[in-house]
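S.K.: Pasting in a structure now, in structure tokens, and then I'll have a few things to ask.
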Amino acid sequence: MTANECNIMNPEVQKQVSKYVKMYSRKGAVAYVHSFGCQLNVSDGEKIKGILASLEFDFTDDYKNADLILLNTCAVRESAEDTVYGTLGNIKKYKKENPGVILILCGCMAQEPKTIEKIKKHYPFVDILFGTSALSQLPKLLLEHYEGKKLAFDTKEYKEEFGASYQIRESSFKASVPIMFGCNNFCTYCIVPYVRGRERSRNAEVIIQEVKELVKNGYKEIMLLGQNVNSYGNDLPDGMSFSELLRELNKIEGDFWIRFMSSHPKDAGKDLLDAILECDKVGKHLHLPVQCGSNSVLKRMNRNYTAEKYKEIVNYLRERSEGFALSSDIMVGFPNETEEEFEDTLKLVEEVKFDNIFTFIYSKRSGTKAAEMEDITTDAEKRIRMDRLLKLQRNVATENYKRFIGTVVRVLVEGESKQGEGWLFGKSSAYTIVEFKGDKSFIGTFVDVKITDARNWAVSGELV
Ligand code: 5AD
Ligand code: SF4
Numbered sequence: 526m527t528a529n530e531c532n533i534m535n536p537e538v539q540k541q542v543s544k545y546v547k548m549y550s551r552k553g554a555v556a557y558v559h560s561f562g563c564q565l566n567v568s569d570g571e572k573i574k575g576i577l578a579s580l581e582f583d584f585t586d587d588y589k590n591a592d593l594i595l596l597n598t599c600a601v602r603e604s605a606e607d608t609v610y611g612t613l614g615n616i617k618k619y620k621k622e623n624p625g626v627i628l629i630l631c632g633c634m635a636q637e638p639k640t641i642e643k644i645k646k647h648y649p650f651v652d653i654l655f656g657t658s659a660l661s662q663l664p665k666l667l668l669e670h671y672e673g674k675k676l677a678f679d680t681k682e683y684k685e686e687f688g689a690s691y692q693i694r695e696s697s698f699k700a701s702v703p704i705m706f707g708c709n710n711f712c713t714y715c716i717v718p719y720v721r722g723r724e725r726s727r728n729a730e731v732i733i734q735e736v737k738e739l740v741k742n743g744y745k746e747i748m749l750l751g752q753n754v755n756s757y758g759n760d761l762p763d764g765m766s767f768s769e770l771l772r773e774l775n776k777i778e779g780d781f782w783i784r785f786m787s788s789h790p791k792d793a794g795k796d797l798l799d800a801i802l803e804c805d806k807v808g809k810h811l812h813l814p815v816q817c818g819s820n821s822v823l824k825r826m827n828r829n830y831t832a833e834k835y836k837e838i839v840n841y842l843r844e845r846s847e848g849f850a851l852s853s854d855i856m857v858g859f860p861n862e863t864e865e866e867f868e869d870t871l872k873l874v875e876e877v878k879f880d881n882i883f884t885f886i887y888s889k890r891s892g893t894k895a896a897e898m899e900d901i902t903t904d905a906e907k908r909i910r911m912d913r914l915l916k917l918q919r920n921v922a923t924e925n926y927k928r929f930i931g932t933v934v935r936v937l938v939e940g941e942s943k944q945g946e947g948w949l950f951g952k953s954s955a956y957t958i959v960e961f962k963g964d965k966s967f968i969g970t971f972v973d974v975k976i977t978d979a980r981n982w983a984v985s986g987e988l989v
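Read in order, the letters of the sequence shown correspond to residues 526 to 989 in this note's numbering.
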């Protein structure tokens, strides 16, 4: 048991909080927990649910039934922050009608000093606020709130590892396992290093044990998470590297897949690429955010690689595994991006032939270096560029997915598809969405599907 787990289970705090929960909740304590943003946030949200369950809370999907509302926020783009403020605006009325309801804000936004100021000034009905590494302080903050503190908050950086034993997982067959927290890269547009702190890797033995336990409990997909998983272990005195960790996890007995995200091209060395290619349980897919195809923009972004280096990585994988799947994050409209620089991105997208891309229009984040850069490109130009990029990618993906037609792929079935009655969907080893007709009892298991059709975002076929 880690120091933090002891802290959560501090029987005295727990007893007092549980007493207050019973006293002030209307009808058995019910909590609404909503995580915005990336998978690391979702994983934190699952741990928060675990803490709340230990304090005798049950859960609801509708905040209008809740005694406690917790918003686990994302700060990566302005639109994410606007969504949170919009949600707070909606909750305001419910909170006014039900003053006993506890409203909590946590996650990346809560770590920013400007948010604390804004909350105090414009959203005084928020009761508790805590930062990205202060999850374990939730019981203590609840106690402070019950004892009358107006805004209980804690945004200190806690170094101790917060264990997964509390996690209430959403899925019974897909599990995410954070392997490291924070980021040291300081890409000039990105707020993450400021809100999630420096890189901290979790102990390899603990991770391996956690994965063994998950596999024993029937989990079929293990997603390893970190802002930059390739630099896993660099901060540990005798740490395993990420590729060594992959190889160790691959030795665990059982029928399951290992995936991971995100990777940074500057750290995607041969050892990592070989580990992906050689480990049979590691999905044959790499999510490798390139951000853009222009070397001058990559330099302004402080990405520390070139488009040529990126293509070398892609070629290395494709030469050894035909049709190896790649996905990426691409940003349009970085400050002063010229037409030529943008066209370099289009060229790269055309050449690399990504299976899938996640696209973003640059969003200014105060406190980052890029926020100080001059930007004469208009929003309208940025939107036009985004449309051009999306149009190109739709064509690339449709062509790309045709390579699967006629092949039989193994699929982890995830759920019912919107395609129609009796249709299911899942993902292949290459992380392609696969749709097919089948019985709901297949959900959570592996099946083989023969691919007969390809669209720009998925393939479909028949159960073998
Ligand atoms: N504006 C737009 N997109 C951003 N991302 C990170 N910061 C910003 C920003 N300021 C994107 C990057 C990253 C993904 C998770 O979010 O593409 O890879
Ligand atoms: Fe942000 Fe760059 Fe770190 Fe990714 S690698 S979290 S984009 S600073």
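All C-beta atoms, glycine included, are put in the ideal place defined by N, C-alpha and C.
1. If you drop the 5 nearest sequence neighbours on each side, which residues of the same chain put their C-beta closer than 8 angstroms to that of Arg980?
2. At a cut-off of 7 angstroms, would you count Val720 as near ligand 2, judging by its Cβ distance to the nearest heavy atom?
3. Here's the rule: buried if 16 or more other CB atoms are within 10 angstroms of the residue's CB, otherwise exposed. What is Ala1026?
4. If you measure from the CB of Val934, is any heavy atom of ligand 2 nearer than 7 angstroms?
5. Where Ser550 and Ser543 are concerned, what is the direct C-alpha to C-alpha distance, given to the nearest angstrom?
6. Taking the alpha-carbon of Pro638 as reference, which of Asp679, Lys675, Val626 has the nearest alpha-carbon?
7. Going by the DSSP bridge assignment, what does Val542 pair with across the sheet?
8. Using the three-state DSSP reduction, which class does Leu851 fall into: helix, strand or coil?
9. What ranges does the beta strand (DSSP E) occupy inside the region 554 to 588, keeping only unbroken runs of at least 3 residues that lie completely in it?
10. Report yes or no: do the region 821 to 837 and the region 729 to 748 share at least 3 C-beta pairs separated by less than 8 angstroms?
11. Does the beta carbon of Glu847 sit closer than 8 angstroms to a beta carbon anywhere in chain D?
12. Just to confirm, are Leu593 and Ile629 a CB contact at a threshold of 8 angstroms?
13. Quick check: does the Cβ of Cys715 come within less than 7 angstroms of any heavy atom belonging to ligand 1?
14. Look at the Cβ atom of Ala800, then the Cβ atom of Met765, and state whether they are nearer than 8 angstroms.
15. Looking at the secondary structure, which residues open and close the alpha helix (DSSP H) in which Arg825 lies?
16. Could you give the first and the last residue of the continuous alpha helix (DSSP H) run that contains Met898?
17. Taking its Cβ as the centre, do 16 or more other Cβ atoms sit within 10 Å of Gly614, making it buried, or is it exposed?
18. Following a CB-centred definition, is Tyr887 positioned closer than 7 angstroms to any heavy atom of ligand 1?
19. So, using beta-carbon positions, are Lys547 and Tyr691 closer together than 8 angstroms?
20. Reducing DSSP to helix, strand and coil, say where Thr612 ends up.
21. Consult DSSP for Val731 and reduce its assignment to one of helix, strand or coil.
22. If contact is defined by three or more beta carbon pairs under 8 angstroms, each pair taking one atom from either stretch, is the region 711 to 728 in contact with the region 660 to 679?
23. Looking at the unbroken alpha helix (DSSP H) that takes in Leu667, where does it start and where does it end?
24. Assuming the contact rule is C-beta atoms closer than 8 angstroms, Thr884 and Leu915 should be a hit. Round their C-beta distance to whole Å, please.
25. Let me check one thing: in DSSP terms, what residues is Pro703 bridge-paired to?
26. Are the CB atoms of Thr585 and Val555 within a distance shorter than 8 angstroms?
27. Reducing DSSP to helix, strand and coil, say where Lys806 ends up.
28. With three or more beta-carbon pairs closer than 8 angstroms as the criterion, would you say the region 651 to 667 touches the region 931 to 940?
29. Expressed to the nearest angstrom, what Euclidean distance is found between the alpha-carbon atoms of Thr831 and Pro860?
30. Please determine if the region 884 to 899 and the region 946 to 965 are in contact, where contact requires at least 3 C-beta pairs separated by less than 8 angstroms.
M.R.: Based on what the coordinates show:
1. Walking along the sequence shown from the start, residue 980 turns up at place 455. The residues are Thr923, Tyr926.
2. Looking up residue 720 in the sequence shown gives position 195. Not one heavy atom of ligand 2 is found less than 7 angstroms from the C-beta of Val720.
3. Residue 1026 is absent from the structure shown; the chain starts at 526 and stops at 989.
4. The sequence position of residue 934 within the sequence shown is 409, counting from 1. In this structure, the C-beta of Val934 stays at least 7 angstroms away from each heavy atom of ligand 2.
5. Walking along the sequence shown from the start, residue 550 turns up at place 25. Walking along the sequence shown from the start, residue 543 turns up at place 18. Going by the C-alpha atoms only, they are around 10 angstroms apart.
6. Within the sequence shown, residue 638 is the residue found at index 113, counting from 1. Relative to the Cα of Pro638, the nearest Cα in the group Asp679, Lys675, Val626 belongs to Asp679.
7. Looking up residue 542 in the sequence shown gives position 17. For Val542, which the question treats as bridged, DSSP gives no partner whatsoever.
8. Walking along the sequence shown from the start, residue 851 turns up at place 326. Leu851 sits in a strand when the DSSP states are folded into three classes.
9. 555 to 560, all fully within the region 554 to 588.
10. Remark: fewer than three beta-carbon pairs, one from each stretch, lie closer than 8 angstroms, so the region 821 to 837 and the region 729 to 748 are not flagged as touching.
11. Structure shown: chain D not included; a single protein chain is present.
12. Counting from 1 along the sequence shown, the entry for residue 593 is found at position 68. Counting from 1 along the sequence shown, the entry for residue 629 is found at position 104. Taking 8 angstroms as the Cβ cut-off, Leu593 and Ile629 qualify as a contacting pair.
13. For this step, residue 715 is matched to residue 190 along the sequence shown. Answer for Cys715: yes, Cβ within range of ligand 1.
14. Residue mapping note: residue 800 aligns to position 275 of the sequence shown, counting from 1. Residue mapping note: residue 765 aligns to position 240 of the sequence shown, counting from 1. The answer is no: Cβ separation not under 8 angstroms.
15. Along the sequence shown, one-based indexing puts residue 825 at 300. Counting along the chain, Arg825 sits inside the alpha helix (DSSP H) bounded by residues 820 to 825.
16. Translated into the one-based positions of the sequence shown, residue 898 becomes position 373. Note, Met898: premise wrong, no alpha helix (DSSP H); not H, not E.
17. Translated into positions along the sequence shown, residue 614 becomes position 89. Label assigned to Gly614: exposed.
18. Translated into the one-based positions of the sequence shown, residue 887 becomes position 362. Checking every heavy atom of ligand 1 against the Cβ of Tyr887, one is found closer than 7 angstroms.
19. On the sequence shown, residue 547 is found 22 positions in, with the first residue counted as 1. On the sequence shown, residue 691 is found 166 positions in, with the first residue counted as 1. Result no, Cβ atoms of Lys547 and Tyr691 do not sit closer than 8 angstroms.
20. The count along the sequence shown starts at 1 and reaches residue 612 at position 87. It is helical.
21. On the sequence shown, residue 731 is found 206 positions in, with the first residue counted as 1. Assignment of Val731 by DSSP, reduced to helix, strand and coil, places it in the helix class.
22. Touching, no, given that fewer than three Cβ pairs across the two stretches are closer than 8 angstroms.
23. As a working mapping, residue 667 is identified with position 142 in the sequence shown. Annotation: the continuous alpha helix (DSSP H) that includes Leu667 extends over 663 to 671.
24. Here residue 884 corresponds to residue number 359 of the sequence shown, with the count starting at 1. Here residue 915 corresponds to residue number 390 of the sequence shown, with the count starting at 1. A Cβ-Cβ separation of about 6 angstroms places Thr884 in contact with Leu915 under the 8 angstroms criterion.
25. The residue you call residue 703 lines up with position 178 of the sequence shown. Answer by DSSP bridge pairing, in chain order: Leu750.
26. Looking up residue 555 in the sequence shown gives position 30. Looking up residue 585 in the sequence shown gives position 60. A Cβ-Cβ contact shorter than 8 angstroms links Val555 with Thr585.
27. Reading the sequence shown from its first residue, position 281 is the one you call residue 806. Three-state result, Lys806: coil.
28. The region 651 to 667 is not in contact with the region 931 to 940.
29. Locating residue 831 in the sequence shown gives position 306, counting from the first residue. Locating residue 860 in the sequence shown gives position 335, counting from the first residue. Roughly 18 angstroms separates the two Cα atoms.
30. Flag = no, the region 884 to 899 and the region 946 to 965 do not touch.
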